[in-house]
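Protein sequences, first through last, are from chains A and B.
The first sequence begins at 1 in UniProt numbering and counts up by one.
The second sequence begins at 1 in UniProt numbering and counts up by one.
For glycine and all other residues, C-beta sits at the position ideal for the given N, C-alpha and C.
Bear in mind that the values here come from a model prediction, so they are computed numbers and not experimental data.
Working notes for the structure below.
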Amino acid sequence: MAQQNLQITAAAPDPALLDLPWDVPLVDWPEDVLAALPQGISRHVVRFVNHGGRVIAIKEIGETVAYREYELLRQLHRIEVPSVVPVGVITGRKAPDGERLEAVLVTEHLSFSLPYRALFSQDLRPDTATRLIDALAVLLVRLHLVGFYWGDVSLSNTLFRRDAETFAAYLVDAETGDMHRRLTDGQRNYDVDLARTNIIGELMDLSAGELLDEDVDEVAIGDALVERYNELWDALTGSEAFDVDERWRVAARIERLNDLGFDVDELEITTDIDGTTVRIQPKVVDAGHHSRRLLRLTGLDVQENQARRLLNDLDSYRAATDRQNDSEQIVAHAWVRQVFRPTIDAVPRELRRKLEPAQLFHEILDHRWFISQQAQRDIPLPEAARSYVENVLRHRPDEDAVLGLAPDEAELESAPET
Amino acid sequence: MATVTFDHATRVYPGTERPAVDQLNLEIEDGEFLVLVGPSGCGKSTSLRMLAGLEDVNGGHIFIGDRDVTDVQPKDRDIAMVFQNYALYPHMSVADNMGFALKIAGTPKAEIRQRVEEAAKILDLTEYLDRKPKALSGGQRQRVAMGRAIVRQPQVFLMDEPLSNLDAKLRVQTRTQIASLQRRLGVTTVYVTHDQTEALTMGDRIAVLNGGILQQVGTPREMYDRPANVFVAGFIGSPAMNIGTFDVKDGSVKVGSASIPLERSIASAIPDSDNGKVTLGFRPEALDVVSTGTPGSFDVEVNLVEELGSDAFVYGSLKGDAADVDLSAGDTNQVIVRIDPRTVPDKGDVISVSIQQGHSHVFSATSGERLG
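Encoded structure:
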């Protein structure tokens, strides 16, 4: 039997990784190590594996490309761009007959994430597509702001997490990506154009598989991405000029960016020679305005729109308890103790893992609004939580690890070479 | 169909002083397969991306045909980046997988079908058109990906290391396919690789870049037989050329006690500033094994013999009074000699070799440029 000489490259190598059957091509891995079924469309063999209490994704890929993608994902993770977390690269694989096997890239499976195919095949609200596109536009803008050229933007290369009533998008495939100091307009436009083509293609594919409502206009959805992207990019980076006595517009611009979920870290302000016109242009913007604010106030680390929702509830708590003059931080801690935690704790443990806590809280708030409307009275939160658990959550699928399609749809098995 | 012209095209990245691509002048013929090759960081990918519209051009111009595309957006350049996207859609037929971009562009159905059928014929995929990708082999799927680019009928195909994420077997197979397909289609193609073997086997012409500067452009044969400078001499060819710097006395290069006469025109071209030295290169196959003491020969002690079946190569050290000369071949500082695979010396043996007449390359010891 040929000896394998496995090499693991990882920031925190996990020796237990060595127990996996690396001498077997990924395509033949036994069912009992696989976590579930492989996801959508990939040009490489990808498998999900239960490993030490978590799910990892393993992709067979050329050695140099594997190292490159690993480094890129590490970089993206470091600068806090939503992306999958790389675990490591394993090389030196050999089958028992001595044949060399392809290197693999290992990433952590993003818990509570949903591939787009799962979202479309579930019976979701009709504007799901629009919300996925919005999330992808935000991700693409964030990547472009930090100088990342993706090279193969698509729904398949993205995972989605629920974020209050919207979605947050995560990059899962950086194989074709490149980090630059600054992107040219050509690079950005190419990325956006390719995204459009890929999205339309993916939707046409769903349509061909009868997984998509007949009324959906694939091309319109693709066009919507381009439009959303351009709007957001202009709002974040465009320069505007105004009269020197309209200086309130500086604050208004910053507020507008905050509303979009971005902080302005650096704003360029120039005046013309005679001092009558002011021109401003955001230079450095940082996503996550609301989630950072919530983290600072409460220590809760959640996604942007969940944070927005929680902050709103915090504000109403503050008003209801008449504590507008107290320190925001102190009130926030009281809110976590008296409102947030008790609400989450009221959900039976076995159901709690179906959704992230912040998403649970958001949905309970939604539910309260809904049943209050019906009952024509203000339903208290504990009562709303009980109703939500019985009438909604019990019937929801578990989203901790949703991995995709039935096997015949998921994978393009290789037919023998002709 | 179109020519491609780089006219003093320059790319300087913000915050750097040295251009990533410096005054590139290159004319690519209509229908030509041109390979940009060089080591990592040489500017080959940047040059391709300038042509694709993904990098700004900070100086000079780029033309596709007669059209100045220097400031044209990528999607309006009428080019196709092949293999950027070759994930196939499982529910769509092979024909739809090839033609969906045309459908997005609003091309009439009948025309899409016609273009897809033409492409399928060239790609040997006709009988699979109505099947699902699941029924295809890995190689056939690669061809569907090529089909996507072909049906768009672009003026120029661009390929940036397209084989780098394929396994070794599929890489060699696809290499041959791309080259023969390109010849059948006759579409101008610019192909980037770091692998000189790929460049030599695929390109009509090869352009070698280093440090952002075009070193030489020519057919594979020209690049191999008449490298314009030491860099190209060392980069093209596998195993690499043996290259060393030696003294010149009385019109001959002194390799140890061996004296290799220079052509008069070359000897007279050596600049005074080179202090009577030249850089001499000779390929492993330009050495003959001769009997000891043959005039003009020098001795090599065998460190390793690499047997490749049809060929065998000796990796050795210069012996005797040539032992202290500075000589290297690629990334080894040994001398490489191609020998008859049927009479292979043992490790530790000493063989005498001489350079075949007319098969040495002489470069200036200071500038590295070819002399004569």
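Exercise. Return the CA-CA distance between residue 116 of chain B and residue 306 of chain A, expressed in angstroms with no decimal places.
Key: Counting from one through the second sequence, the residue named residue 116 of chain B turns up at place 116. Counting from one through the first sequence, the residue named residue 306 of chain A turns up at place 306. Distance between the alpha carbons of residue 116 of chain B and residue 306 of chain A is about 47 Å.
Self-check item: Proximal residues to residue 141 of chain A (C-beta, below 7 Å), its chain only, five neighbours per side dropped
Solution: Numbered from 1 along the first sequence, position 141 holds the residue referred to as residue 141 of chain A. If we look at residue 141 of chain A and ignore the five residues flanking it on each side, its Cβ neighbours are 229, 232, 233, 236.
Quiz item: Should residue 330 of chain A go down as buried or exposed, given a rule of 16 or more other Cβ atoms within 10 Å for buried?
Solution: Your numbering for residue 330 of chain A matches position 330 in the first sequence. That one is exposed.
Quiz item: Per DSSP, what kind of secondary structure is residue 109 of chain B in: helix, strand or coil?
Solution: Position 109 of the second sequence, counted from the start, is the residue given in the question as residue 109 of chain B. Residue 109 of chain B falls in the helix class under three-state DSSP.
Self-check item: Listed by chain order, chain A residues near residue 334 of chain B by CB distance under 9 Å
Solution: Within the second sequence, residue 334 of chain B is the residue found at index 334, counting from 1. Within chain A, no residue comes near residue 334 of chain B; the closest Cβ sits about 26 Å away, beyond 9 Å.
Exercise. Taking a Cβ distance cut-off of 9 Å, strictly less, list which residues of the region 88-110 of chain A are near chain B, in chain order.
Key: 100, 102
Practice problem: State the beta-bridge partners of residue 369 of chain B as determined by DSSP. | Solution: As a position in the second sequence, residue 369 of chain B is number 369, starting the count at 1. DSSP output for residue 369 of chain B lists B:229 as bridge partner(s).
Quiz item: Is residue 5 of chain A helix, strand or coil when you go by DSSP?
Solution: Here residue 5 of chain A is taken as the residue at index 5 of the first sequence, counted from 1. Coil.
Practice problem: Go ahead and pull the three-state DSSP assignment for residue 44 of chain A. | Solution: As a working note, residue 44 of chain A is residue 44 in the first sequence. If DSSP states are grouped into helix, strand and coil, residue 44 of chain A belongs with coil.
Quiz item: Unbroken alpha helix (DSSP H) runs of length 4 or more, entirely within the region 186-219 of chain B: which are they?
Solution: 196-202
Practice problem: With 7 Å as the limit, tell me which residues of the region 52-78 of chain B have their beta carbon closer than that to any beta carbon of chain A; keep them in chain order. | Solution: 53, 54, 55, 56, 73, 74, 75
Practice problem: Indicate the three-state DSSP secondary structure (helix, strand or coil) for residue 134 of chain B in the structure shown. | Solution: Taking the first residue of the second sequence as position 1, residue 134 of chain B is located at position 134. Note: residue 134 of chain B maps to helix in three-state DSSP.
Quiz item: With a CB to CB cut of under 7 Å and the five nearest residues on each side skipped, what residues in its chain are close to residue 29 of chain B?
Solution: To locate residue 29 of chain B, count along the second sequence from 1; it is residue 29. Closer than 7 Å at Cβ, skipping near neighbours: 3.
Self-check item: Neighbour flag for residue 14 of chain B against chain C, beta carbons, 8 Å
Solution: Given the protein chain composition of this structure (A and B), no chain C is represented.
Quiz item: Which residue comes first and which comes last in the beta strand (DSSP E) that contains residue 268 of chain A?
Solution: Within the first sequence, numbered from 1, the residue matching residue 268 of chain A stands at position 268. From DSSP, the beta strand (DSSP E) with residue 268 of chain A extends over 262-271.
Exercise. Could you tell me the distance, in whole angstroms, from the CA atom of residue 295 of chain B to the CA atom of residue 287 of chain B?
Key: Locating residue 295 of chain B in the second sequence gives position 295, where the first residue counts as 1. Locating residue 287 of chain B in the second sequence gives position 287, where the first residue counts as 1. Cα to Cα, the separation comes out at about 14 Å.
Self-check item: Under 8 Å between C-beta atoms of residue 102 of chain A and residue 56 of chain A
Solution: Counting from one through the first sequence, the residue named residue 102 of chain A turns up at place 102. Counting from one through the first sequence, the residue named residue 56 of chain A turns up at place 56. Contact: no.
Quiz prompt | N-terminal and C-terminal residue of the beta strand (DSSP E) that residue 316 of chain B is part of | solution = Walking along the second sequence from the start, residue 316 of chain B turns up at place 316. Residues 312-318.
Exercise. Give a yes or no on whether the minimum CB-CB distance between residue 79 of chain A and chain B is below 8 Å.
Key: In the first sequence, residue 79 of chain A corresponds to position 79, counting from 1. Not one chain B Cβ lies under 8 Å of residue 79 of chain A.
Practice problem: Using a Cβ cut-off of 8 Å (strictly closer), state whether residue 221 of chain A contacts chain B. | Solution: The residue you call residue 221 of chain A lines up with position 221 of the first sequence. Not one chain B Cβ lies under 8 Å of residue 221 of chain A.
Self-check item: Contacts around residue 269 of chain B, its chain only, beta-carbon distance under 7 Å, and the 5 residues preceding and following it disregarded
Solution: The count along the second sequence starts at 1 and reaches residue 269 of chain B at position 269. Counting only Cβ-Cβ distances below 7 Å, and skipping sequence neighbours, we find 371, 372.
Exercise. Report yes if the CB atom of residue 220 of chain B is closer than 8 Å to the CB atom of residue 329 of chain B, and no otherwise.
Key: On the second sequence, residue 220 of chain B is found 220 positions in, with the first residue counted as 1. On the second sequence, residue 329 of chain B is found 329 positions in, with the first residue counted as 1. No, Cβ-Cβ distance for residue 220 of chain B and residue 329 of chain B is not below 8 Å.
Quiz item: In the DSSP assignment, what are the bridge partners of residue 57 of chain A?
Solution: Counting from 1 along the first sequence, the entry for residue 57 of chain A is found at position 57. Beta-bridge pairing links residue 57 of chain A to A:48, A:107.
Quiz prompt | Sequence-distant residues of its chain with Cβ nearer than 6 Å to residue 268 of chain A (five each side left out) | solution = Stepping through the first sequence from its first residue, residue 268 of chain A is reached at position 268. These residues qualify, in order along the chain: 281, 283.
Exercise. Give the single residue among B:35, B:123, B:7 whose Cα lies nearest to the Cα of residue 67 of chain B.
Key: Working through the second sequence from its first residue, we reach residue 67 of chain B at position 67. For residue 67 of chain B, the nearest C-alpha among the options comes from B:7.
Quiz prompt | Meets three-Cβ-pair contact criterion under 8 Å: the region 65-75 of chain A and the region 151-159 of chain A | solution = no
Quiz item: Based on the DSSP secondary-structure assignment, which residues constitute the bridge partners of residue 178 of chain A?
Solution: Here residue 178 of chain A refers to the residue found at position 178 when the first sequence is read from its first residue. According to DSSP, residue 178 of chain A bridges with A:149.
Practice problem: Following the continuous alpha helix (DSSP H) through residue 366 of chain A, name the residue where it begins and the one where it ends. | Solution: For the purposes of this step, residue 366 of chain A is taken as the residue at position 366 of the first sequence. It spans 357-375 - the alpha helix (DSSP H) in which residue 366 of chain A sits, taken as one unbroken run.
Exercise. Note down, one range per segment and in chain order, each beta strand (DSSP E) of at least 3 residues found wholly within the region 320-356 of chain B.
Key: 327-329, 335-339, 350-355
Quiz item: Mapping DSSP to helix, strand and coil, what is residue 13 of chain B?
Solution: Taking the first residue of the second sequence as position 1, residue 13 of chain B is located at position 13. Reduced to three states, the DSSP call for residue 13 of chain B is coil.
Practice problem: For chain B, find out if any of its Cβ atoms is closer than 8 Å to the Cβ of residue 384 of chain A; answer yes or no. | Solution: Position 384 of the first sequence, counted from the first residue, corresponds to residue 384 of chain A. It does not: the Cβ of residue 384 of chain A has no partner Cβ on chain B nearer than 8 Å.
Quiz item: Alpha carbon to alpha carbon, what distance is there between residue 182 of chain B and residue 82 of chain B?
Solution: On the second sequence, position 82 is the one that residue 82 of chain B refers to. On the second sequence, position 182 is the one that residue 182 of chain B refers to. Going from the Cα of residue 82 of chain B to the Cα of residue 182 of chain B covers about 12 Å.
Practice problem: Label residue 22 of chain A either buried or exposed according to how many other C-beta atoms from any shown protein chain fall within 10 Å of its C-beta, with 16 as the threshold for buried. | Solution: Against the first sequence, residue 22 of chain A aligns to sequence position 22. By the 10 Å Cβ count, residue 22 of chain A comes out buried.
Practice problem: Step through the CB atoms of chain B and report whether any lies within less than 8 Å of the CB of residue 23 of chain A. | Solution: The residue given as residue 23 of chain A occupies position 23 in the first sequence. No, residue 23 of chain A does not count as interfacial toward chain B.
Quiz item: Considering only residues of the same chain and omitting the five flanking positions on each side of residue 91 of chain A, which have a CB-CB separation below 6 Å?
Solution: In the first sequence, residue 91 of chain A corresponds to position 91, counting from 1. Result list for residue 91 of chain A: 7, 63, 103, in chain order.
Quiz item: Three-state secondary structure (DSSP) at residue 363 of chain B?
Solution: Counting from 1 along the second sequence, the entry for residue 363 of chain B is found at position 363. Reduced to three states, the DSSP call for residue 363 of chain B is strand.
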